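What follows is a single structure, written as structure tokens, with notes after it.
Written out as structure tokens, the structure is:
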């Protein structure tokens, strides 16, 4: 330290520089990296579960429209155009919903955006969300994709 005295005022000049050391910055970067490696895959799985809920709501709307169609005509239809439901535009699921016997099925679009970090093998590109119209139970194909179900 250097002391300068001139009359009444006394000025102290310090040679110490202020700021963070390289070690402190590296520790912060390591902590951020660890948090990101844990949090990012969980975030993307939560987003995909939300997309699964979106598929479930679309299938539920189609199932209700099927019931209304049955009340009017006495039979179920296998053509979605015959139903009084507007399918929302979505970039995560194909709008083509297949209807067979007692099952409604919607497929995840393999061209959709999103990360696949931490996903089970087989769920990366395509999976189907299926709703049984009788039991209202959801299932997924392949089976290891059930984490997307509501």
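Numbering (the working numbering), first residue to last: 10 to 159.
By construction, the Cβ of each residue, glycine as well, lies at the ideal position given by its N, Cα and C atoms.
All values derive from a computational prediction rather than experimental measurement.
For residue 136, three-class secondary structure by DSSP = coil
Can you tell me the Cβ-Cβ gap for residue 143 and residue 111, rounded? I've got them flagged as a contact below 8 angstroms.
-> 5 angstroms
Using beta-carbon positions only, say whether residue 138 and residue 106 come within less than 8 angstroms of one another.
-> no
Please look up how many angstroms separate the CB atoms of residue 71 and residue 38, rounded, as I've assumed it's under 8 angstroms.
-> Rounded, the Cβ-Cβ distance is 49 angstroms, inconsistent with contact.
Contact set for residue 5: own chain, Cβ-Cβ below 8 angstroms, skip 5 residues either direction = In the structure as shown, the chain starts at 10 and stops at 159, and residue 5 therefore has no counterpart that could be examined.
Looking at the unbroken alpha helix (DSSP H) that takes in residue 147, where does it start and where does it end?
-> Element bounds for residue 147: not the alpha helix (DSSP H) but the beta strand (DSSP E), 147–150.
C-alpha gap between residue 124 and residue 147, whole angstroms | Because residue 124 carries a pLDDT of 47, less than 50, the predicted location of this residue cannot be relied on, and the following value inherits that uncertainty. Approximately 24 angstroms, taken between the alpha carbons.
DSSP-derived helix/strand/coil call for residue 120 = Residue confidence is low: residue 120 scores 49 on pLDDT, short of 50, so the model does not pin down where it sits. Its coordinate-derived value is still stated next. DSSP places residue 120 in coil when its eight states are reduced to three.
Residues bridged to residue 108 (per DSSP) | 113
Residues sharing a beta bridge with residue 141, DSSP = 112
Between residue 87 and residue 109, what straight-line distance do the alpha-carbon atoms span, to the nearest angstrom?
-> 6 angstroms
Alpha carbon to alpha carbon, how far is residue 63 from residue 95?
-> 14 angstroms
Out of 93, 54, 67, which has the shortest C-alpha to C-alpha gap to residue 79?
-> 93
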